[in-house]
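K.L.:
2 protein chains.
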Amino acid sequence: MYGLIGRIDAVPGKRDALMDILLEGTAGMPGCLLYVVSRDVDAPDALWVTEIWARKEDHQASLTLPAVRDAIGRGRPLIAGFAQRVELDPVGGHGLPGPTTG
Amino acid sequence: MYGLIGRIDAVPGKRDALMDILLEGTAGMPGCLLYVVSRDVDAPDALWVTEIWARKEDHQASLTLPAVRDAIGRGRPLIAGFAQRVELDPVGGHGLPGPTTG
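Protein chains in written order, with numbering that gives the first Met the number 0: chain E, 0 to 101; chain F, 0 to 101.
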């Protein structure tokens, strides 16, 4: 598996609009096991995107999907910055689909 | 929903041992929708725990479960520090169980 945690800071006042764009079309990405968008409780402009993919290549391929490229284009003007990005090797746990989880 | 992202730094050399403890018993926590433990690809002692709960109260109640208290007790000597902790309001996405996800 391959994972990403990213904090995206929206232009002030645009967090929910950016969130809606990020949530569109997330069901059709091959190899995507998890894609969750969350508001930061303490930082009013910050969103966190948590992604888990079957393979790193699946994530890279998703960036070429028309729906994803369209969302990136529409979301870009609402983004003030990428505040944090962590690459993960997800090991296991509860709640993920697939044989490695409980 | 209620979410948490936390980075835990293990005592050097003890990351995998700490990971195994964190993964034990994660299937039996009421209200837990997701609990994933991941290795940080770039920081050799760092683990990331990503949690999503139906309600904040479910997370708080989990800390009193015997299996969780036991794991906390066994894991504590392997922890060098809690490097980051972010509280989340998860909004939606793909891969979560329940009616709010795609």
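Even glycine gets a Cβ: it sits at the ideal position worked out from N, Cα and C.
#1: Would F81(F) pass as an interface residue toward chain E - the criterion being a Cβ-Cβ separation below 8 Å?
#2: With a threshold of 16 other CB atoms inside 10 Å of the CB of E50(E), please say whether the residue is buried or exposed.
#3: Taking A70(F) as the reference, which of I20(F), G2(F) and Y1(F) has the closest Cα?
#4: Assuming contact is defined by CB atoms lying nearer than 8 Å, are H93(E) and A66(F) in contact in what I supplied?
#5: Spatial neighbours of L22(E) within its chain, please: C-beta separation below 8 Å, excluding the five flanking residues on both sides.
#6: With 16 as the cutoff for other CB atoms within 10 Å, does R6(F) come out buried or exposed?
#7: Would you decide whether P76(F) is buried or exposed? Buried here means 16 or more other CB atoms lie within 10 Å of its CB.
#8: Buried or exposed, going by whether 16 or more other CB atoms sit within 10 Å of the CB of P98(F)?
#9: Determine the closest residue to V48(E) out of S61(E), L33(E), Q59(E) and A42(E), with distance taken between C-alpha atoms.
#10: Within a Cβ cutoff of 8 Å, which residues of the same chain sit near T100(E), ignoring the five residues on either side of it in sequence?
P.N.:
Put simply:
#1: F81(F) does not count as touching chain E.
#2: With 16 or more neighbouring CB atoms inside 10 Å of its own CB, E50(E) falls in the buried class.
#3: Selected option, being the one with the closest Cα: I20(F).
#4: It is not a contact, given that the beta carbons lie outside the stated cut-off.
#5: Cβ within range, chain order: V36.
#6: Residue environment analysis places R6(F) among the buried positions, since at least 16 neighbouring C-beta atoms fall within 10 angstroms of its C-beta.
#7: Exposed, by the Cβ-count rule.
#8: For P98(F), the pLDDT reaches just 42, beneath the cut-off of 50, and the residue's location in the model is therefore unreliable, although a value from the coordinates is still provided. By the neighbour-count definition (other C-beta atoms within 10 Å, threshold 16), P98(F) is an exposed residue.
#9: Nearest to V48(E) by alpha-carbon distance, out of S61(E), L33(E), Q59(E) and A42(E), is L33(E).
#10: With a pLDDT of only 41 at T100(E), under the threshold of 50, the placement of this residue in the model should not be trusted; the figure read from the coordinates follows. For T100(E), where only same-chain residues beyond five positions count, the Cβ hits under 8 Å are G91, G92, H93 and G94.
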